[in-house]
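Data block below; observations after.
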Amino acid sequence: MNQEKPYFCRLFNPKKFGMDLARALVGPWLLLAYRPKAIFVSKEAKKSLHYHHGCIVTANHFSLHDPFIIGSTFWRRRMFFLVAEFIMKYPFRGWLLRRAGCIGVNRKIADIEAMQITEKHLEQGDLITVFAEGGIQHQEGPASFKGGAVLMAVAANVPIIPCYFEKRKHWWNRYHVVVGELFDPRKILGKEQASIPEIRVLTEQLYEKTKELEEVLHVNQGKRI
């Protein structure tokens, strides 16, 4: 991964003026609609919200609203989302999703182009959201994770911010998003590259961290574990 640009240059990027303008116009409405409340597992986790470098955000996935919920939670940051390529196959919808910060990924192959686009955004200090379960899930709690998020984090040398949230009971309720401490695969490994077995182990560790976030959410909401 190339050297990251200074924070000022990352914050004010003329090439992303259109996206930033859209965020400024639409952002307040998303905050009003979803009213996300970030719950931090520790003081260290709270620092992740002020982490001003490229970073991957992982979260569970239960509806088409999820990108808006995560995006409004991290509304201060420019964020992009990895989505299945077939969702963007229709011309107008694809154009709209790309303008909204979506990056299409072909799940059937090792999508090198998507990886390169992702690394470029990370170099520019942006956030990349990966719904690590690989698709919308309807079960309670997080489903098993795919290894893509960890693989990208190792390749781009960036940490991961794990998040977890659940459906709200009523439309007027707030979404509670639990934010965990930074999960840094390279720091855990102690080296720059990872083998496939190591990626699997790290992915399982990330999944267990997310399960812990689920418990934090339930305790916060007064649910029985």
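Heads up, the sequence shown is in this note's numbering, so the first residue is 17 and it goes up one at a time.
We put the beta carbon where it would ideally sit given N, CA and C, even for glycine.
Asked, Found
"Determine the direct distance from the alpha carbon of Phe108 to that of Gly196, and round the result to whole angstroms.", "36 Å"
"Would you kindly work out how many angstroms separate the C-alpha atoms of Ala49 and Ser211, rounded to a whole number?", "43 Å"
"So Arg74 and Pro178 are supposed to be a Cβ contact under 8 Å. How far apart are they, rounded?", "Looking at the sequence shown, residue 74 is not Arg but Thr. With 8 Å as the limit, Thr74 and Pro178 qualify as a contact, their Cβ atoms being about 5 Å apart."
"Please identify the residue among Thr219, Glu214, His192 whose C-alpha is closest to the C-alpha of Phe147.", "Thr219"
"Candidates Leu198, Gly206, Leu233, Glu214: which alpha carbon is nearest Lys59's?", "Leu198"
"Do the region 90 to 108 and the region 128 to 144 make contact, defined as three or more Cβ pairs closer than 8 Å?", "yes"
"Using only CA atoms, which one of Pro83, Arg92, His77 lies nearest to Leu113?", "Pro83"
"Would you call the region 147 to 161 and the region 224 to 238 in contact, with 3 or more CB pairs under 8 Å?", "yes"
"Measuring only the C-alpha atoms, how far is Leu233 from Gly117?", "28 Å"
"Note down the Cα distance separating Tyr67 from Arg115, rounded to an integer number of angstroms.", "24 Å"
"Quick one: complete alpha helix (DSSP H) runs, 4+ long, within the region 181 to 213?", "201 to 205"
"Mind pulling the beta strand (DSSP E) runs of 3 or more residues that sit fully within the region 78 to 161?", "95 to 100, 118 to 121, 143 to 147"
"For Pro30, does the three-state DSSP call read helix, strand or coil?", "helix"
"Would you tell me roughly how many angstroms separate the C-alpha atoms of Gln237 and Glu149, rounded to the nearest one?", "24 Å"
"Near Arg240, which residues of its chain fall below 8 Å by C-beta distance, leaving aside the five closest residues on each side in sequence?", "Reliability of the predicted coordinates at Arg240 is poor, the pLDDT of 44 falling under 50, and the value obtained from them is presented with this limitation in mind. Here the set comprises His234."
"If you drop the 5 nearest sequence neighbours on each side, which residues of the same chain put their C-beta closer than 7 Å to that of Lys32?", "Arg94"
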